[in-house]
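Sequence order for the protein chains is P and S.
If you're matching positions, the first sequence starts at 114 in my numbering and goes up one per residue.
If you're matching positions, the second sequence starts at 114 in my numbering and goes up one per residue.
Each residue gets a CB set at the ideal place from its N, CA and C atoms; glycine is no exception.
Data block below; observations after.
There are 2 protein chains.
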Amino acid sequence: MATIKDIARLANVNIATVSRAFNRKEMVAPEAYNRIMKIAKELGYNPNPLAQGLKGKKMKMVGVLVPEIDHSIFAGIIKGIGNTARRKGYSVIVCNTGDDPEEEKRFVEKLTNKIVDGIICSAALPDSPYWEDLSNSGIPLVLAVRQGTKKVDSVAADYIRTCYDATSILLSRGCKSVYFINGPLTVKPYAQRNVGFVKAMREKGFSDAELRAFNLKDSTYSYSLECIESLIAQGKAFDGLVIASDAQTMAALRCLKQHGLRVPEDVKIIDCGGHGIVGMLETAVSVVEVPGEKIGEASMERVIELIESKDKLDPKTILVESELILREST
Amino acid sequence: MATIKDIARLANVNIATVSRAFNRKEMVAPEAYNRIMKIAKELGYNPNPLAQGLKGKKMKMVGVLVPEIDHSIFAGIIKGIGNTARRKGYSVIVCNTGDDPEEEKRFVEKLTNKIVDGIICSAALPDSPYWEDLSNSGIPLVLAVRQGTKKVDSVAADYIRTCYDATSILLSRGCKSVYFINGPLTVKPYAQRNVGFVKAMREKGFSDAELRAFNLKDSTYSYSLECIESLIAQGKAFDGLVIASDAQTMAALRCLKQHGLRVPEDVKIIDCGGHGIVGMLETAVSVVEVPGEKIGEASMERVIELIESKDKLDPKTILVESELILREST
DNA sequence: ATGAAAGCGCTAACAA
DNA sequence: TTGTTAGCGCTTTCAT
C-alpha cells in the first residue's frame with residue numbers, strides 16, 4: 114500500500130504538498146500537481162481512511178439498523194439506502210438487530226465510536242432511550258419507517274392514509290362486512306394502520322361495535338394462517354379483508370382457497386402496506402404499496418444532509434407517498 | 114469521547130499502562146487494573162477503532178458484495194453473515210453492486226484500504242480479474258454461492274444435485290414431458306442447474322433431442338411470465354415443470370391458472386433452488402430449498418478463519434446441503 | 001507555493 | 001510492573 118510518503122519521495126516534494134494536492138488543489142502549483150497525480154496513479158494510491166478519520170475527517174460511512182434484513186420492506190429500504198450511498202460516495206454498515214433492543218444498543222455503541230458519521234435506524238421499539246442521547250452527541254440519527262414520538266428525524270410512510278384508502282376501496286366496492294387482519298399494535302406502523310381502518314369504517318357509518326380489527330400478536334405467515342383459519346371455522350361471515358402485510362395476505366389467500374371461498378367473488382382482498390410481491394401471486398392482489406426503496410433513499414439523503422450541514426438542523430419528518438395499485442382481488 | 118489519556122490522568126498511571134490493561138491484562142498489577150477499569154467504565158470509555166486500525170490492529174470488519182440485496186437468496190445470505198458476525202464480534206459493510214462489475218471493482222478498492230479485514234462476495238461475473246489479486250494482497254476473500262473457476266475460497270450450494278433431485282422427483286411421479294425453466298447460463302448457478310436437469314433426464318433415457326431446457330436471458334417475474342405464456346400459446350404440451358427460481362415459479366403458477374391448467378393434476382411443478390416463500394403460495398410448491406442463511410453463516414465463519422489464521426490456508430470449497438420439501442404441487 | 005512539525009488515539013519496543 | 005517514546009498515515013497551522 115502506497116502512502117503519501119512514497120509519493121512525496123518520488124515527486125520530490127513534501128508530504129504536505131501531496132496532501133494538499135488531494136484536498137486543496139488550488140494551493141499547489143499546477144506542475145507539481147500533475148507530477149503528484151501521475152505518480153499517485155502509477156502507484157495505485159488511495160488515501161488511508163483510518164488515518165483521515167483519526168485526523169477528524171468524516172469517514173463517509175453510515176450505520177444502518179434493521180430488525181430483520183430479510184423482510185421485504187427492510188430489504189427494500191437497505192437497497193434504497195445503498196442507491197443514494199453510492200451516488201454520494203458513502204459506505205453503509207448494516208446490522209440485523211433481530212428486534213432485540215439489547216443488540217441494538219450494543220451496535221450503536223460500537224458504531225458511535227467515530228467510525229460512522231450517522232445512523233439510520235428501523236428500531237425495535239416505538240421509542241428507544243438512546244435516540245435523544247445520540248442526536249445530542251452530535252452524530253445524526255434518522256428513523257426509517259418507524260417514527261418516534263420524540264423529536265427525531267424520520268422518514269415514514271403514511272400508514273394511516275394507506276389503510277384508510279385500502280378500507281375505503283373495499284367499502285366502495287360494496288363490501289358489507291370488512292374484517293381487518295393486522296399485526297401487533299405495539300408496533301407503530303400497525304397501530305397507524307388500525308387508526309386508518311377505524312377512521313374509514315366510521316366515516317361509512319359503522320358503529321364501534323361493528324368494527325372487526327384483528328390485531329394479531331405477530332404477523333408471521335403461520336400464525337396468521339392459524340388465526341384466519343379459526344375465524345372461518347367459527348363461521349364468521351366477511352366479504353372483505355383488509356390485510357396489513359404480505360405474509361398475512363398470502364396466509365389469507367391460502368385459507369380462503371382451502372375453504373372454497375373465491376377471490377374476489379366471495380371475498381375481496383386488499384393489502385395495505387405491501388411491497389411488490391403480492392402482484393405476482395396466482396390471484397393478483399390489490400395493494401397500497403409502501404415504497405421501501407424510496408424510504409431508504411430519502412433516509413440516506415436526510416442523514417447526509419445532517420452530517421454535512423454546518424449547524425444543527427431542526428428534526429423533521431418526511432412522509433413518503435404510497436401508491437394504490439388495483440388488481441383482480443378487489 | 115474519553116481517551117486513554119483521560120483515564121491515565123485520573124488513574125495516575127501512564128497511558129501505556131491503560132493500553133496494557135485492555136490488551137494484556139496479565140502485564141498490569143491487579144490494583145492498577147481495577148482502578149483503570151473502574152474509571153474507564155465511569156467515563157464510558159471505548160477504544161477508538163480508527164486509532165487501533167491505524168496501528169495495524171484488525172478492524173474486525175468484513176465487506177460484503179451482493180448483486181441485489183432484495184432478492185431472497187441474498188437477503189438470506191446477508192442475514193446469515195450477520196448472525197455469525199454478531200457471534201464473533203465482527204461488523205459488516207454491505208454493498209449492493211447491482212450486478213455491475215465496475216461498481217464491484219470500485220467498492221473493492223474502497224474497502225481494500227485497510228478498513229476491512231476480509232471480503233465476502235457474491236460476484237457479478239463467473240470470474241473477476243481482481244479475485245486473485247485480492248487473495249494475494251493478503252486480504253481474504255470468500256465467494257458466496259457463486260463459485261469461481263480459479264483457486265478461491267467459496268461456499269456454495271450444490272446446484273447440480275439440487276436440480277437433479279428436483280427433476281428426478283417429477284420423473285418418478287410419472288411425468289412424461291418435463292420442461293425446464295431456467296435463468297441465463299452465464300450465471301454459474303443456473304448453468305449448474307442445467308447440468309443437473311440434463312443428467313437426470315438422460316439417466317431416465319431421454320435423448321438430447323427430447324430435452325426441453327429454457328435458459329431465459331433473465332429470470333425476472335415479468336419476462337418469465339412472457340416466455341411461459343408463449344410456450345403455452347404455441348401449444349407445447351408438458352406435464353411437468355422444473356423451475357429454477359422463486360419468481361419464475363410464481364410466473365408459472367399464474368400462467369397455468371389463467372389457462373385453466375391445474376397443479377398438480379395437469380402439470381406438476383417443482384422449484385429447484387427456492388428460498389422459503391413458495392411454500393406460502395396458494396398452491397404450496399415443492400422445492401429443493403437452498404439455505405441462504407446457512408451459506409451466509411458458513412461464508413462468514415470461513416473469512417474469519419482466514420483472517421485470524423497465522424499462515425495462509427489452502428482455498429477450499431464448502432458445499433452446503435439443500436433440503437427437499439415435498440408439497441402439493443407434485 | 002512549499003516545507004517543517006505537531007498531533008489525532010493507540011500499540012509496542014525499549015528502558016528503568 | 002511501569003514509564004518513555006516512536007510511529008501508524010494523514011491534515012493543518014506556522015514558517016519560510
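Start and end of the beta strand (DSSP E) containing residue i?
| i | result |
| --- | --- |
| P:Lys170 | Segment: none, P:Lys170 is in no beta strand (DSSP E) and carries neither H nor E. |
| P:Arg325 | 325–328 |
| S:Glu436 | 436–438 |
| P:Lys429 | No beta strand (DSSP E) holds P:Lys429; DSSP gives it neither H nor E. |
| S:Phe293 | 291–295 |
Straight-line CA distance for residue i to residue j?
| i | j | result |
| --- | --- | --- |
| P:Lys151 | P:Cys234 | 42 Å |
| S:Lys170 | S:Gly157 | 22 Å |
| S:Ser250 | S:Thr225 | 9 Å |
| S:Cys340 | S:Leu439 | 26 Å |
| P:Ile359 | P:His184 | In the sequence as presented, Ile is not what sits at residue 359 of chain P; that position holds Asp. Roughly 10 Å separates the two Cα atoms. |
| S:Asp213 | P:Thr430 | 34 Å |
| S:Ile345 | S:Pro428 | 46 Å |
| S:Leu374 | P:Thr443 | 23 Å |
| S:Leu291 | S:Lys317 | According to the sequence shown, residue 291 of chain S is Val rather than Leu. If I take the Cα positions, the gap works out to 12 Å. |
| S:Phe351 | S:Thr362 | 15 Å |
| S:Ser435 | S:Ala357 | 14 Å |
| P:Met114 | S:Val355 | 50 Å |
| P:Ala124 | P:Arg137 | 18 Å |
Have a look at the options and flag the residue whose alpha-carbon is nearest the alpha-carbon of residue i.
| i | options | result |
| --- | --- | --- |
| P:Ile186 | P:Asp427, P:Gly409, P:Thr333 | P:Gly409 |
| P:Phe319 | P:Ser335, P:Ala142, P:Ser281, P:Thr130 | P:Ser281 |
| S:Glu414 | S:Ile232, S:Asp271, S:Asn328, S:Glu378 | S:Ile232 |
| S:Asp278 | S:Val416, S:Arg306, S:Ile252, S:Asn161 | S:Arg306 |
| S:Leu366 | P:Ile345, P:Ala346, P:Thr396, P:Gly373 | P:Thr396 |
| S:Lys173 | S:Ile382, S:Asn127, S:Thr197, S:Leu283 | S:Thr197 |
| P:Gly176 | P:Ile191, P:Ile345, P:Asn125, P:Lys317 | P:Ile191 |
| P:Val126 | P:Tyr243, P:Ala142, P:Ala115, P:Lys312 | P:Ala142 |
| P:Leu338 | P:Glu378, P:Asp321, P:Gly296 | P:Gly296 |
| S:Cys368 | S:Val255, S:Ile390, S:Tyr336, S:Gly387 | S:Tyr336 |
| P:Pro160 | S:Trp244, S:Glu441, S:Asn161, S:Lys223 | S:Lys223 |
| S:Lys118 | S:Glu144, S:Ile149, S:Arg137, S:Asp379 | S:Ile149 |
| S:Leu419 | S:Leu256, S:Gln347, S:Arg133, S:Ser132 | S:Leu256 |
| S:Ala326 | S:Lys218, S:Cys288, S:Ile194, S:Val308 | S:Val308 |
| P:Met393 | S:Thr299, S:Arg219, S:Tyr334, S:Ile382 | S:Tyr334 |
Using 8 Å as the limit for Cβ to Cβ distance, is residue i near chain S?
| i | result |
| --- | --- |
| P:Met150 | no |
| P:Lys192 | yes |
| P:Gly387 | no |
| P:Asp183 | yes |
| P:Lys223 | yes |
| P:Ala189 | The sequence given here places Gly at residue 189 of chain P; Ala does not occur at that position. So yes, P:Gly189 belongs to the interface. |
| P:Ala360 | yes |
List, in order along the chain, the chain S residues whose C-beta lies closer than 8 Å to that of residue i?
| i | result |
| --- | --- |
| P:Met314 | Neighbours of P:Met314 on chain S: none; closest Cβ ~28 Å, over 8 Å. |
| P:Ala411 | By Cβ distance, chain S contributes nothing, its closest Cβ being about 17 Å from P:Ala411, past 8 Å. |
Within the 8 Å Cβ cut-off, does residue i reach chain P?
| i | result |
| --- | --- |
| S:Tyr277 | no |
| S:Ile252 | no |
| S:Arg415 | no |
| S:Leu366 | yes |
| S:Lys370 | yes |
Under 8 Å between beta-carbons, which chain P residues line up against residue i? List them in chain order, please.
| i | result |
| --- | --- |
| S:Gly309 | Here the premise fails: no neighbours, minimum Cβ distance about 25 Å. |
| S:Tyr334 | Met393 |
| S:Leu167 | Asn161, Leu163, Ala164, Leu167 |
State the start and end residues of the unbroken alpha helix (DSSP H) segment that holds residue i.
| i | result |
| --- | --- |
| S:Phe220 | 214–225 |
| S:Leu344 | 334–346 |
| S:Cys276 | 272–285 |
| P:Cys368 | 359–371 |
| P:Ile152 | 143–156 |
| S:Val311 | 301–316 |
| P:Ser399 | From DSSP, P:Ser399 is part of no alpha helix (DSSP H) but of the beta strand (DSSP E) over 399–402. |
Just the chain P side, please: which residues come within less than 9 Å of residue i by C-beta, in chain order?
| i | result |
| --- | --- |
| S:Cys208 | Gly195, Ala198, Arg199, Ser204, Val205 |
| S:Glu155 | Those within 9 Å of S:Glu155 in chain P number zero; the least Cβ separation is about 16 Å. |
| S:Met363 | Ile390, Met393, Leu394, Glu395 |
For residue i, which residues in chain P fall below 7 Å Cβ to Cβ?
| i | result |
| --- | --- |
| S:Lys317 | Those do not exist, as S:Lys317 stays about 30 Å from chain P at its closest Cβ, beyond 7 Å. |
Using a C-beta to C-beta distance shorter than 9 Å, which residues of chain S count as neighbours of residue i?
| i | result |
| --- | --- |
| P:Asn226 | Met114, Asn159, Pro160, Asn161, Pro162, Leu163 |
Taking residue i as the query, report the chain S residues whose CB atoms sit under 7 Å from its CB, ordered along the chain.
| i | result |
| --- | --- |
| P:Ala236 | Going along chain S, no residue has its Cβ under 7 Å from P:Ala236, so there is no contact; the nearest lies around 17 Å. |
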